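Undergrad:
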Amino acid sequence: MAASPDRLIDIWINCPDRAVADRIADTAIGDRLAACANVLAPVASLYRWKGAVERAEEVPLVLKTQARHFGAVARLAKSLHPYETPSIVAMPLDEVEDGYARWLREETRADRPGSEY
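If you're matching positions, the sequence shown starts at 14 in the working numbering and goes up one per residue.
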């Protein structure tokens, strides 16, 4: 089932390094596709890719936004991300403090100037 367009979500994107995470974060914030970005400390990732088990250090990026922006954020991330198939996943925010929720919605309003994504 699709999320309500104004549902608050966190979008998680694993990036190969801090520079890619910063580029995606800066663009998403600048285009008002997200109200906040958290660039986290590197993590060790283990995954299967094209028949082989791979290990990599990745930098998680968390973008706080509304579900209506997921498609645009995914397009943005794919355009700036070097991976063929980057991990771009959304998690619903079921409980959010009222003031923070108002701020997040205001900063990512649908009637704000749009983005190219």
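Backbone N, C-alpha and C fix where the C-beta goes; we use that ideal spot for every residue, glycine too. Note that the structure is predicted; figures quoted are calculated from it, not measured.
Anyone know if the C-beta pair for Glu70 and Pro55 falls short of 7 Å?
TA: Yes; because the gap between Cβ atoms is below 7 Å, this pair is in contact.
Undergrad: According to DSSP, is Lys77 part of a helix, a strand, or is it coil?
TA: Strand at Lys77.
Undergrad: Rounded to whole angstroms, what is the Cα-Cα separation between Val139 and Ser17?
TA: The structure shown does not extend to residue 139, since the chain is modelled only from 14 through 130, so no value can be given for it.
Undergrad: Can you look up Ala47 in the DSSP assignment and give me helix, strand or coil?
TA: Residue state, collapsed to three classes: coil.
Undergrad: Say whether the stretch 38-51 touches the stretch 74-82, bearing in mind that this needs 3 or more beta-carbon pairs closer than 8 Å, one atom from each stretch.
TA: Yes, the stretch 38-51 is in contact with the stretch 74-82.
Undergrad: Could you give the distance in angstroms between the alpha-carbon of Ala38 and the alpha-carbon of Ile101?
TA: Spanning the two alpha carbons is a distance of roughly 13 Å.
Undergrad: Have a look at Asp44 and Glu110 and give me their C-alpha separation to the nearest angstrom.
TA: Rounded to whole angstroms, Asp44 to Glu110 spans 24 Å at the Cα level.
Undergrad: How is Arg61 classed by DSSP in three states: helix, strand or coil?
TA: In the structure shown, Arg61 sits in a strand (DSSP, three-state: E or B).
Undergrad: From the DSSP output, read off the bridge partner residues of Pro29.
TA: DSSP output for Pro29 lists no bridge partner at all.
Undergrad: Identify the continuous beta strand (DSSP E) that holds Val102 and give its terminal residues.
TA: Ile101 to Pro105 is the extent of the beta strand (DSSP E) around Val102.
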